[in-house]
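In our numbering, the protein residues as written are 11 to 120.
A short write-up of the structure that comes next.
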């Protein structure tokens, strides 16, 4: 972990598509999940996700099952390229079975 990293849970590198649904704006956008932990995910998107925004997520985990669905809150978002944003999201409710699928897929890659 980085010296200034305040996370309780270790992050694991992953790579799979995520559909982000904005319940209030009734819009959705696609992104790529780049890391995951027991408390949230990091992702890259083409649009900025505003901090404190609550979102619905659909993670297309490559394990042959239905997409993992959950809700998360945007903690931070920073621009890394002209039309590319890196954001950190915190799960609002922990779905242990869904998290297990994420980490099993990660373990199979190693």
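Every residue, glycine too, gets a C-beta built ideally from N, C-alpha and C.
query                                                                                                     : result
Residues near residue 85 in its chain [Cβ-Cβ closer than 6 Å; skip 5 each side]                           : 98, 100
Sheet register partners of residue 110 (DSSP bridge)                                                      : According to DSSP, residue 110 bridges with nothing at all.
Beta-carbon proximity list for residue 26, same chain, < 7 Å, skipping 5 on both sides                    : 43, 69, 70, 71, 72
Completely contained beta strand (DSSP E) runs for the region 38-68, where each covers 3 or more residues : 50-55
Contact check, residue 57 vs residue 40, beta carbons under 7 Å                                           : no
Straight-line Cα distance separating residue 103 from residue 33                                          : 16 Å
Residue 64 to residue 80 span [Cα, whole Å]                                                               : 11 Å
Cβ-based neighbour list, residue 31, same chain, cut-off 8 Å, excluding 5 preceding and 5 following       : 37, 38, 65, 66, 67, 68
7 Å Cβ cutoff met for residue 45 and residue 20                                                           : no
Cβ separation of residue 59 and residue 95, assumed to be a contact under 8 Å, to the nearest whole Å     : 7 Å
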